[in-house]
Amino acid sequence: MKTTRTKNPAAKPAAIITAVAGGIVLLAAGTTAAIATAGTLTAGGDPSPVQSADATGITAIDVDSGATWLTVEFGDVQEATLTSGGPDRQGRWTLEREDDELVLQRHGRPFGNWCIFGFCGEEGRATVLTLPEQLNDGSLDAGIDSGAGTVTVDGDFRDLDVQVGAGEAFVNGAARMLSVSVGAGTADVDVESVTEAAFEVSAGEVIAQLSGSAPNRVGVDVAVGTADLTLPEGTYDVTARSAVGDVVNDLDVASDSSHVVEADVSAGEIFLRPGA
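Under mature numbering (1 follows the signal peptide of the UniProt record, and there is no 0), residues -38 to -1, 1 to 238 are what the sequence shown spells out, in order.
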(Lines of atoms letter the chains of each structure in order from A and count residues from 1; the text may use other names and numbers.)
(Lines give C-alpha, C1' and ligand atoms only; values in the text may rest on other atoms or scores of the structure.)
Protein backbone atom coordinates (compact mmCIF):
# COMPACT_ATOMS: atom_id res chain seq x y z
CA MET A 1 0.00 0.00 0.00
CA LYS A 2 1.39 3.34 -1.03
CA THR A 3 0.30 6.72 0.18
CA THR A 4 -0.56 9.12 -2.60
CA ARG A 5 -1.01 12.84 -2.18
CA THR A 6 -2.94 14.85 -4.73
CA LYS A 7 -2.11 18.54 -4.77
CA ASN A 8 -2.02 21.22 -7.42
CA PRO A 9 1.44 22.85 -7.12
CA ALA A 10 0.59 25.45 -9.76
CA ALA A 11 -2.20 27.04 -7.73
CA LYS A 12 -1.88 30.80 -7.59
CA PRO A 13 -2.09 32.87 -4.39
CA ALA A 14 -5.23 34.54 -5.70
CA ALA A 15 -6.96 31.17 -5.88
CA ILE A 16 -5.98 30.46 -2.29
CA ILE A 17 -7.29 33.82 -1.14
CA THR A 18 -10.54 33.23 -3.00
CA ALA A 19 -11.02 29.78 -1.47
CA VAL A 20 -10.23 30.95 2.05
CA ALA A 21 -12.49 33.97 1.65
CA GLY A 22 -15.22 31.61 0.55
CA GLY A 23 -14.62 29.56 3.67
CA ILE A 24 -14.99 32.64 5.84
CA VAL A 25 -18.28 33.42 4.13
CA LEU A 26 -19.46 29.85 4.72
CA LEU A 27 -18.37 30.06 8.35
CA ALA A 28 -20.25 33.31 8.79
CA ALA A 29 -23.27 31.77 7.10
CA GLY A 30 -23.14 28.86 9.55
CA THR A 31 -23.01 31.23 12.49
CA THR A 32 -25.90 33.24 11.07
CA ALA A 33 -27.84 30.01 10.62
CA ALA A 34 -27.14 29.13 14.24
CA ILE A 35 -28.57 32.42 15.46
CA ALA A 36 -31.48 32.23 13.03
CA THR A 37 -32.29 28.71 14.18
CA ALA A 38 -32.25 29.86 17.78
CA GLY A 39 -34.48 32.78 16.84
CA THR A 40 -37.45 30.93 15.36
CA LEU A 41 -40.61 32.51 16.78
CA THR A 42 -43.17 30.50 18.71
CA ALA A 43 -45.56 30.95 21.55
CA GLY A 44 -45.40 29.04 24.80
CA GLY A 45 -43.24 26.15 25.94
CA ASP A 46 -43.56 22.38 25.77
CA PRO A 47 -47.01 21.45 27.09
CA SER A 48 -45.56 18.28 28.57
CA PRO A 49 -42.10 16.77 29.04
CA VAL A 50 -43.42 13.63 27.27
CA GLN A 51 -45.09 13.43 23.86
CA SER A 52 -45.99 10.37 21.80
CA ALA A 53 -47.20 9.47 18.32
CA ASP A 54 -48.33 6.28 16.62
CA ALA A 55 -45.38 4.81 14.72
CA THR A 56 -47.16 1.78 13.28
CA GLY A 57 -46.27 1.36 9.62
CA ILE A 58 -44.09 4.45 9.30
CA THR A 59 -41.37 4.31 6.65
CA ALA A 60 -39.46 7.50 7.46
CA ILE A 61 -38.63 10.03 10.15
CA ASP A 62 -37.86 13.70 9.58
CA VAL A 63 -36.06 15.43 12.46
CA ASP A 64 -35.15 19.11 12.78
CA SER A 65 -33.44 19.59 16.14
CA GLY A 66 -32.76 23.31 15.75
CA ALA A 67 -30.42 24.70 18.39
CA THR A 68 -30.61 22.21 21.21
CA TRP A 69 -29.54 18.73 22.34
CA LEU A 70 -31.32 15.69 20.90
CA THR A 71 -30.80 11.92 20.95
CA VAL A 72 -32.58 9.61 18.49
CA GLU A 73 -32.61 5.95 19.52
CA PHE A 74 -34.67 2.75 19.55
CA GLY A 75 -36.05 1.15 22.70
CA ASP A 76 -38.83 -0.68 24.51
CA VAL A 77 -41.75 1.61 23.68
CA GLN A 78 -45.09 1.01 21.96
CA GLU A 79 -45.23 4.42 20.28
CA ALA A 80 -42.67 6.98 19.21
CA THR A 81 -41.93 8.78 22.46
CA LEU A 82 -40.33 12.17 22.98
CA THR A 83 -38.96 12.87 26.44
CA SER A 84 -37.59 16.28 27.31
CA GLY A 85 -36.05 17.69 30.47
CA GLY A 86 -39.38 19.27 31.38
CA PRO A 87 -41.41 22.27 30.24
CA ASP A 88 -39.17 24.76 28.46
CA ARG A 89 -40.35 28.34 28.34
CA GLN A 90 -37.77 29.09 25.68
CA GLY A 91 -39.39 26.91 23.01
CA ARG A 92 -41.30 23.77 22.21
CA TRP A 93 -41.12 20.48 20.34
CA THR A 94 -43.80 19.09 18.05
CA LEU A 95 -44.00 15.36 17.32
CA GLU A 96 -46.53 14.54 14.61
CA ARG A 97 -47.33 11.85 12.11
CA GLU A 98 -47.87 12.85 8.48
CA ASP A 99 -49.08 9.82 6.49
CA ASP A 100 -46.25 7.27 6.78
CA GLU A 101 -43.69 9.78 8.06
CA LEU A 102 -42.94 10.82 11.62
CA VAL A 103 -41.98 14.50 11.90
CA LEU A 104 -40.16 16.04 14.86
CA GLN A 105 -39.47 19.77 14.96
CA ARG A 106 -38.01 22.15 17.46
CA HIS A 107 -39.42 25.68 17.70
CA GLY A 108 -37.53 28.22 19.81
CA ARG A 109 -37.90 31.83 20.86
CA PRO A 110 -35.37 34.47 19.80
CA PHE A 111 -32.01 33.75 21.48
CA GLY A 112 -33.76 31.80 24.21
CA ASN A 113 -32.11 28.47 23.48
CA TRP A 114 -28.93 29.31 21.62
CA CYS A 115 -26.22 27.01 20.39
CA ILE A 116 -23.22 27.90 18.24
CA PHE A 117 -20.80 25.19 17.09
CA GLY A 118 -22.32 22.75 19.58
CA PHE A 119 -21.97 25.06 22.60
CA CYS A 120 -25.42 25.84 23.94
CA GLY A 121 -26.88 28.34 26.36
CA GLU A 122 -27.64 27.09 29.84
CA GLU A 123 -31.33 26.98 28.95
CA GLY A 124 -30.62 24.07 26.56
CA ARG A 125 -32.32 20.84 27.61
CA ALA A 126 -31.50 17.27 26.64
CA THR A 127 -34.32 15.59 24.71
CA VAL A 128 -34.67 11.95 23.62
CA LEU A 129 -36.76 10.57 20.77
CA THR A 130 -37.27 6.83 21.32
CA LEU A 131 -38.66 4.73 18.48
CA PRO A 132 -40.12 1.22 18.86
CA GLU A 133 -37.38 -1.40 18.73
CA GLN A 134 -39.17 -3.34 15.97
CA LEU A 135 -38.42 -0.44 13.60
CA ASN A 136 -34.70 -0.90 14.17
CA ASP A 137 -34.42 -3.34 11.26
CA GLY A 138 -32.90 -1.25 8.47
CA SER A 139 -36.19 -0.47 6.75
CA LEU A 140 -36.61 3.10 8.01
CA ASP A 141 -35.43 6.22 6.18
CA ALA A 142 -34.21 9.09 8.34
CA GLY A 143 -33.54 12.75 7.67
CA ILE A 144 -31.71 14.45 10.54
CA ASP A 145 -31.07 18.20 10.53
CA SER A 146 -28.99 19.73 13.33
CA GLY A 147 -28.96 23.47 12.80
CA ALA A 148 -26.71 24.65 15.60
CA GLY A 149 -27.19 22.14 18.39
CA THR A 150 -25.98 18.64 19.16
CA VAL A 151 -27.71 15.54 17.84
CA THR A 152 -26.86 11.89 18.55
CA VAL A 153 -28.32 9.15 16.35
CA ASP A 154 -28.06 5.43 17.09
CA GLY A 155 -29.83 2.83 14.96
CA ASP A 156 -30.14 0.72 11.82
CA PHE A 157 -31.58 2.64 8.86
CA ARG A 158 -32.09 2.21 5.13
CA ASP A 159 -31.51 5.77 3.90
CA LEU A 160 -29.79 8.06 6.41
CA ASP A 161 -29.36 11.76 5.59
CA VAL A 162 -27.59 13.91 8.19
CA GLN A 163 -27.23 17.68 7.80
CA VAL A 164 -25.24 19.82 10.23
CA GLY A 165 -25.18 23.61 10.17
CA ALA A 166 -23.01 25.10 12.90
CA GLY A 167 -23.60 22.32 15.42
CA GLU A 168 -22.41 18.76 15.79
CA ALA A 169 -23.70 15.27 15.07
CA PHE A 170 -22.72 11.85 16.40
CA VAL A 171 -23.99 8.94 14.31
CA ASN A 172 -23.67 5.25 15.13
CA GLY A 173 -25.31 2.16 13.68
CA ALA A 174 -25.98 0.98 10.14
CA ALA A 175 -27.33 2.38 6.88
CA ARG A 176 -27.53 1.22 3.29
CA MET A 177 -27.38 4.74 1.85
CA LEU A 178 -25.54 7.41 3.81
CA SER A 179 -25.40 11.15 3.16
CA VAL A 180 -23.62 13.61 5.46
CA SER A 181 -23.49 17.36 4.84
CA VAL A 182 -21.64 19.75 7.16
CA GLY A 183 -21.57 23.54 7.04
CA ALA A 184 -19.40 25.00 9.78
CA GLY A 185 -19.96 22.26 12.34
CA THR A 186 -18.68 18.73 12.89
CA ALA A 187 -19.93 15.20 12.29
CA ASP A 188 -18.56 12.02 13.86
CA VAL A 189 -19.88 8.97 12.00
CA ASP A 190 -19.42 5.25 12.71
CA VAL A 191 -21.70 3.25 10.41
CA GLU A 192 -21.65 -0.26 8.95
CA SER A 193 -23.23 -2.00 5.93
CA VAL A 194 -23.06 1.08 3.70
CA THR A 195 -23.38 0.49 -0.05
CA GLU A 196 -23.26 4.14 -1.12
CA ALA A 197 -22.04 7.18 0.81
CA ALA A 198 -21.77 10.89 0.09
CA PHE A 199 -19.94 13.45 2.24
CA GLU A 200 -20.02 17.21 1.71
CA VAL A 201 -18.05 19.66 3.86
CA SER A 202 -18.10 23.44 3.56
CA ALA A 203 -15.98 24.84 6.41
CA GLY A 204 -16.44 22.14 9.04
CA GLU A 205 -15.16 18.63 9.68
CA VAL A 206 -16.33 15.08 9.09
CA ILE A 207 -14.69 12.08 10.74
CA ALA A 208 -16.28 8.90 9.40
CA GLN A 209 -15.58 5.23 9.84
CA LEU A 210 -17.42 2.78 7.60
CA SER A 211 -17.26 -0.92 8.43
CA GLY A 212 -18.47 -4.18 6.95
CA SER A 213 -18.20 -4.81 3.21
CA ALA A 214 -16.56 -2.24 0.95
CA PRO A 215 -19.16 0.24 -0.35
CA ASN A 216 -19.88 0.39 -4.07
CA ARG A 217 -19.45 4.14 -4.25
CA VAL A 218 -18.17 6.90 -1.99
CA GLY A 219 -18.21 10.57 -2.92
CA VAL A 220 -16.53 13.27 -0.84
CA ASP A 221 -16.53 16.98 -1.64
CA VAL A 222 -14.66 19.46 0.60
CA ALA A 223 -14.43 23.25 0.28
CA VAL A 224 -12.18 24.56 3.08
CA GLY A 225 -12.93 21.99 5.76
CA THR A 226 -11.65 18.48 6.47
CA ALA A 227 -12.97 15.00 5.72
CA ASP A 228 -11.22 12.06 7.37
CA LEU A 229 -12.69 8.80 6.06
CA THR A 230 -11.82 5.26 7.08
CA LEU A 231 -13.22 2.71 4.63
CA PRO A 232 -13.50 -1.08 4.91
CA GLU A 233 -10.53 -3.14 3.81
CA GLY A 234 -10.49 -3.65 0.06
CA THR A 235 -9.30 -2.29 -3.25
CA TYR A 236 -10.78 0.93 -4.61
CA ASP A 237 -10.84 2.85 -7.86
CA VAL A 238 -9.94 6.30 -6.53
CA THR A 239 -10.30 9.55 -8.46
CA ALA A 240 -8.88 12.60 -6.67
CA ARG A 241 -9.21 16.20 -7.81
CA SER A 242 -7.64 19.14 -5.97
CA ALA A 243 -7.55 22.91 -6.46
CA VAL A 244 -5.30 24.15 -3.64
CA GLY A 245 -6.15 21.51 -1.06
CA ASP A 246 -4.81 18.02 -0.33
CA VAL A 247 -6.11 14.51 -0.87
CA VAL A 248 -4.06 11.97 1.08
CA ASN A 249 -4.91 8.43 -0.04
CA ASP A 250 -3.74 5.38 1.90
CA LEU A 251 -6.25 3.00 0.30
CA ASP A 252 -5.23 0.11 -1.92
CA VAL A 253 -6.08 1.18 -5.45
CA ALA A 254 -6.92 -0.54 -8.74
CA SER A 255 -8.48 1.14 -11.75
CA ASP A 256 -10.68 -1.89 -12.47
CA SER A 257 -12.15 -2.11 -8.95
CA SER A 258 -15.94 -2.05 -8.64
CA HIS A 259 -15.61 0.01 -5.46
CA VAL A 260 -15.37 3.64 -6.56
CA VAL A 261 -14.19 6.65 -4.56
CA GLU A 262 -14.42 10.19 -5.92
CA ALA A 263 -12.66 12.88 -3.87
CA ASP A 264 -12.87 16.59 -4.69
CA VAL A 265 -11.24 19.31 -2.58
CA SER A 266 -10.93 23.07 -3.01
CA ALA A 267 -8.78 24.46 -0.19
CA GLY A 268 -9.36 21.83 2.48
CA GLU A 269 -8.10 18.32 3.20
CA ILE A 270 -9.34 14.81 2.52
CA PHE A 271 -7.83 11.74 4.16
CA LEU A 272 -8.70 8.26 2.86
CA ARG A 273 -7.66 5.49 5.24
CA PRO A 274 -8.08 1.69 5.18
CA GLY A 275 -9.95 0.00 8.00
CA ALA A 276 -9.28 -3.35 9.59
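Ideal Cβ positions, reconstructed from N, Cα and C, are used throughout, including at glycine.
For the segment 133 to 148 and the segment 52 to 71, state whether three or more C-beta atom pairs, one from each stretch, are separated by less than 8 Å. Taking 8 Å as the limit for Cβ pairs, the verdict is that the segment 52 to 71 does not touch the segment 133 to 148.
Residues in the same chain with beta-carbon distance under 6 Å from Asp116, minus the five sequence neighbours each way, listed in chain order, please. Working through the sequence shown from its first residue, we reach residue 116 at position 154. Taken in chain order, the residues that qualify are Glu35, Asn134, Gly135.
Collapsed DSSP secondary structure at Glu35 in the structure displayed: What you label residue 35 is simply residue 73 of the sequence shown in a count that begins at 1. Three-state result, Glu35: strand.
Between Ala189 and the rest of its own chain, which residues show a CB-CB distance below 6 Å, the 5 nearest in sequence each way excluded? For the purposes of this step, residue 189 is identified with residue 227 of the sequence shown, where counting begins at 1. If we look at Ala189 and ignore the five residues flanking it on each side, its Cβ neighbours are Phe161, Val163, Val168, Val182, Ile232.
Name the residue from Ala159, Thr(-35), Asp150 whose alpha carbon lies nearest to the alpha carbon of Glu137. Position 175 of the sequence shown, counting from 1, holds the residue named residue 137. Just to set this straight, residue 137 is Ala in the shown sequence, not Glu. Put simply, of Ala159, Thr(-35), Asp150 the residue whose alpha carbon is nearest the alpha carbon of Ala137 is Ala159.
Label Ala42 either buried or exposed according to how many other C-beta atoms from any shown protein chain fall within 10 Å of its C-beta, with 16 as the threshold for buried. As a position in the sequence shown, residue 42 is number 80, starting the count at 1. Per the 10 Å Cβ criterion, buried.
Going by DSSP in three states, residue 273 sits in which element: helix, strand or coil? Past the edges of the chain, shown from -38 to 238, lies residue 273, and the structure says nothing about it.
Is the separation between the beta-carbon of Arg68 and that of Ser27 shorter than 9 Å? Numbered from its first residue, the sequence shown carries residue 68 at position 106. Numbered from its first residue, the sequence shown carries residue 27 at position 65. The answer is yes: Cβ separation under 9 Å.
Name the DSSP beta bridge partners of His69, please? Within the sequence shown, numbered from 1, the residue matching residue 69 stands at position 107. Beta-bridge pairing links His69 to Arg54.
Measuring straight from C-alpha to C-alpha, what distance separates Leu102 and Asp24? Against the sequence shown, residue 102 aligns to sequence position 140. Against the sequence shown, residue 24 aligns to sequence position 62. The C-alpha of Asp24 is placed about 11 Å away from the C-alpha of Leu102.
Could you pull out every residue in the same chain whose Cβ sits closer than 6 Å to the Cβ of Val90, ignoring the five residues on either side in sequence? Here the question's residue 90 lines up with position 128 in the sequence shown. If we look at Val90 and ignore the five residues flanking it on each side, its Cβ neighbours are Thr33, Thr45.
Indicate whether Gly207 and Ala229 have their beta-carbon atoms separated by less than 9 Å. Locating residue 207 in the sequence shown gives position 245, where the first residue counts as 1. Locating residue 229 in the sequence shown gives position 267, where the first residue counts as 1. One thing to note: Gly207 has its Cβ within 9 Å of the Cβ of Ala229.
On the CB-based measure, 16 or more other CB atoms within 10 Å of its CB, does Gln125 come out buried or exposed? Your numbering for residue 125 matches position 163 in the sequence shown. Answer is buried; the Cβ neighbour count reaches 16.
To the nearest angstrom, how far is the alpha carbon of Asp226 from that of Val209? Taking the sequence shown and counting its residues from 1, the one referred to as residue 226 is at position 264. Taking the sequence shown and counting its residues from 1, the one referred to as residue 209 is at position 247. Going from the Cα of Asp226 to the Cα of Val209 covers about 8 Å.
Where the beta strand (DSSP E) containing Ser204 begins and where it ends: Residue 204 sits at position 242 when you count from the first residue of the sequence shown. That run of the beta strand (DSSP E) goes 197 to 204.
Pick helix, strand or coil for Glu41, following the three-state DSSP scheme. Indexing the sequence shown from 1 puts residue 41 at position 79. Of the three classes helix, strand and coil, the one that applies to Glu41 here is coil, per DSSP.
Rounded to a whole number of angstroms, what is the C-alpha to C-alpha distance between Val200 and Pro194? Position 238 of the sequence shown, counting from 1, holds the residue named residue 200. Position 232 of the sequence shown, counting from 1, holds the residue named residue 194. Straight-line measurement puts the Cα of Pro194 at about 14 Å from the Cα of Val200.
If you drop the 5 nearest sequence neighbours on each side, which residues of the same chain put their C-beta closer than 6 Å to that of Phe119? The count along the sequence shown starts at 1 and reaches residue 119 at position 157. For Phe119, same chain residues with a beta-carbon under 6 Å away, outside a window of 5 residues either side, are Leu102, Ala104, Ala137 in chain order.
In DSSP terms, what Leu91 is bridged to: Mapped onto the sequence shown, residue 91 falls at position 129. Looking at the DSSP output, Leu91 bridges to Val34, Leu44.
Note down the Cα distance separating Asn178 from Ala15, rounded to an integer number of angstroms. One-based indexing of the sequence shown puts residue 178 at position 216. One-based indexing of the sequence shown puts residue 15 at position 53. Whole-angstrom Cα-Cα distance: 36 Å.
Pop quiz: Thr92 and Gly37 are said to be a contact at Cβ under 8 Å. What is the actual Cβ separation, rounded to whole angstroms? Translated into positions along the sequence shown, residue 92 becomes position 130. Translated into positions along the sequence shown, residue 37 becomes position 75. Yes, Thr92 and Gly37 are in contact; Cβ-Cβ is about 4 Å, under 8 Å.
Sort Val186, Asn98, Thr56, Gly174 by Cα distance to Ser204 and report the nearest one. Taking the first residue of the sequence shown as position 1, residue 204 is located at position 242. Ranking the options by Cα distance to Ser204, first place goes to Val186.
Suppose the cutoff is 8 Å on Cβ atoms and the five residues either side in sequence are ignored; what does the same chain contact list for Trp55 look like? Locating residue 55 in the sequence shown gives position 93, where the first residue counts as 1. Same-chain partners within the cutoff: Asp8, Gln13, Leu44, Ser46, Leu66, Gln67, Arg68, His69, Thr89.
Based on the DSSP secondary-structure assignment, which residues constitute the bridge partners of Thr(-33)? In the sequence shown, residue -33 corresponds to position 6, counting from 1. Among the bridge pairs identified by DSSP, Thr(-33) is matched with Val209.
Might you give, ordered along the chain, the residues of its own chain that have their beta carbon closer than 7 Å to the beta carbon of Ala202, omitting 5 neighbours on each side? Residue mapping note: residue 202 aligns to position 240 of the sequence shown, counting from 1. Cβ neighbours of Ala202 beyond the five flanking positions: Thr(-33), Val209, Asn211, Ala225.
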